[in-house]
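Be aware that the sequence shown starts at 275, since it is given in the working numbering, and climbs by one per residue. Take a look at the structure below.
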Amino acid sequence: MGIAKSVVLTTGLLIALHPVGAVMAGGEEDMLALRGELEDLRSENRMLQEKLESMGERLESIASKQENQEESVDLVREDLEALHKAPPVPLEGKPTYLDGIEIGGFVDTSFVHNFNEPDDEVNDFHIFDKEASDFNLDLAEIVIERAPDEETRVGFRLDVDYGETADLITSAGAGGSSDFFDLEQGFITAKIPTVGNDVELCFGKWVTLLGAEVIESPSNFNFSRSFLFGYAIPYTHTGLLATYPVTDELGVKLALVNGWDVTDDNNHAKTGIGQITFSYPEPENLHVKDISVSLTGIHGAEQAGKSGPKRSVGDIVATVKPTDELTLNFNYDLGREEKVTSSGSNDNWEGFASIVSYEFTDWFTLSGRYEYFDNDEGTRTATTNGVILQEFTLTAAFKCTDLLTTRLEYRHDYGNYEVFTNESGTDDDQDLVAVELFRIF
């Protein structure tokens, strides 16, 4: 039974049970008291009704909220199911410094046969392809580089080498015992704003600015290196290099280094390097595609423990492309070192190399080289009376794929006297053939 009905029944019973005679006998006072009690009961009844109405409203509100919560749960469940079924969305964010890192390299292998068949199995006056009649892992190289850009302005480069070539180019000093490993290059670069163009600074170990060829055979026209690259110039330096592009055609480089092919300075003097480069892509009034010329000089003390005697080399490299297929390359070197012979006299060396390369098709290129090199006292070539060396090389390159190339090479070396060894003694010339296979990645 409801509370309101109970109140009404209770009120009715009180009225019914109260004797009429008592009311009449009690007089007017009893009547007034009874009326007061009735008013109190009516007031309590109204209050109870109001509470009941309030409780009903609250119950309706709670029920409404519960329905809303159930609807919200259903919506969330539907959203989760939709997200689960939807394909993943790629994350798009601002590029980081690591995004600019590039990794590459190559593996270079070869077989060289010397028709002189020297007993010591050494190709005389060949610095890199020196192993006669032998299969070789010439060089496996990994390059990790982050070039400086306008935002970061700081970069780096690491060239890690393994193989016969790495063993030959190891610098004196840190890591001097290579075990066929060498850190060919390891430097930090930074772009410094100036009034004109940016100056790029390079600090660490880097390859020389001199010469028409480089340490990596796949980047050269021929498989074997020239006498000039082997004897006339250094391979690497450790120090500071500044590069400034004056214009799009003219560039200047200045460097201060520890010396030739050393990481630790072998005396108390530094070596200076300077270079001017000219580049004219498709010059006007000339029927050629491209012309570039570099003039480089190096000067400093290179003898261990001696800061007085100086070694100097002037280097000229010129490249002309009359057509897209034809490339002409010329390299000239003139060098001198003071008090370097056993008698304390000076030594001089001079030479030039000319290369003609023609790309007949996308997969076949033929390159020929002629070279002359003269070392007066023989300190560069380790000959007692000095020597004049000449060579002719013909290299056929077959591009198997975009990344795989094989090269066949014939080379004829000759000297001004019998400086080459053979199976029976010595000779004034030697003939060699080579097969090279390299894969770039």
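Think of the CB as a built atom: it goes at the ideal place given N, C-alpha and C, for glycine as much as any other residue.
Item                                                                                                                         : Value
In DSSP terms, what residue 476 is bridged to                                                                                : 463 and 515
Residues of its chain near residue 508, where Cβ-Cβ distance is below 6 Å and the 5 sequence neighbours each way are ignored : 482, 534 and 535
Cβ shell of residue 596 (< 8 Å), same chain only, five flanking positions each side left out                                 : 561, 562, 563 and 602
Extent of the continuous alpha helix (DSSP H) to which residue 650 belongs                                                   : No alpha helix (DSSP H) contains residue 650, which DSSP labels as neither H nor E.
Close-in-space but distant-in-sequence residues of the same chain around residue 604 (CB under 6 Å, 5 per side omitted)      : 592 and 628
Residue burial classification, residue 506 (beta-carbon count within 10 angstroms, cutoff 16)                                : buried
Same chain, Cβ closer than 7 Å to residue 426, five either side skipped, listed in chain order                               : 371
Cβ pair count under 8 Å reaching 3, the stretch 516 to 527 against the stretch 657 to 666                                    : no
Secondary structure of residue 627, DSSP reduced to three states                                                             : strand
C-beta atoms of residue 510 and residue 445 nearer than 7 Å                                                                  : yes
With 16 other Cβ atoms within 10 Å as the buried cut-off, status of residue 476                                              : buried
Residue 621 - partner residues in DSSP beta bridges                                                                          : 611
Cβ contact check for the stretch 485 to 503 and the stretch 534 to 554: 3 or more pairs under 8 Å                            : no
Coarse secondary structure for residue 486, derived from DSSP in three states                                                : coil
Residues bridged to residue 380 (per DSSP)                                                                                   : 415 and 714
Three-state secondary structure (DSSP) of residue 330                                                                        : helix
Closest by C-alpha distance to residue 544, when choosing among 573, 492 and 525                                             : 573
Residues bridged to residue 527 [DSSP beta-bridge criterion]                                                                 : 517 and 549
Check whether residue 697 and residue 405 have beta carbons under 7 Å apart                                                  : no
Minimum C-alpha distance to residue 497 - residue among 402, 704 and 379                                                     : 402
Whether residue 467 touches residue 380 by CB criterion (7 Å)                                                                : no
Pair within 7 Å by beta-carbon distance, residue 610 and residue 581                                                         : no
Nonlocal neighbours in the same chain, by C-beta distance under 6 Å from residue 419, ignoring five residues either side     : 376 and 431
Neighbour-count burial assignment, residue 669, 16 or more Cβ in a 10 Å radius                                               : buried
Residue interval of the beta strand (DSSP E) (run including residue 697)                                                     : Where residue 697 is concerned, there is no enclosing beta strand (DSSP E), given that its DSSP letter is neither H nor E.
Contact set for residue 614: own chain, Cβ-Cβ below 6 Å, skip 5 residues either direction                                    : 621 and 653
Cβ-Cβ separation, residue 478 to residue 512 (assumed contact under 8 Å), whole Å                                            : 7 Å
Completely contained beta strand (DSSP E) runs for the stretch 665 to 695, where each covers 3 or more residues              : 678 to 689
Nearest-angstrom Cα separation, counted from residue 649 out to residue 589                                                  : 16 Å
Given residue 454 as reference, the closest of 412, 327, 647 and 326 once Cα atoms are compared                              : 412
Residue 658 beta carbon less than 7 Å from that of residue 712                                                               : no
Per DSSP, cross-strand counterpart(s) of residue 554                                                                         : 565
Same chain, Cβ closer than 7 Å to residue 598, five either side skipped, listed in chain order                               : 563
Rounded C-alpha distance that separates residue 558 from residue 570                                                         : 26 Å
Candidates 471, 490, 470 and 480: closest to residue 459 by CA position                                                      : 480
Closest by C-alpha distance to residue 462, when choosing among 395, 321 and 433                                             : 433
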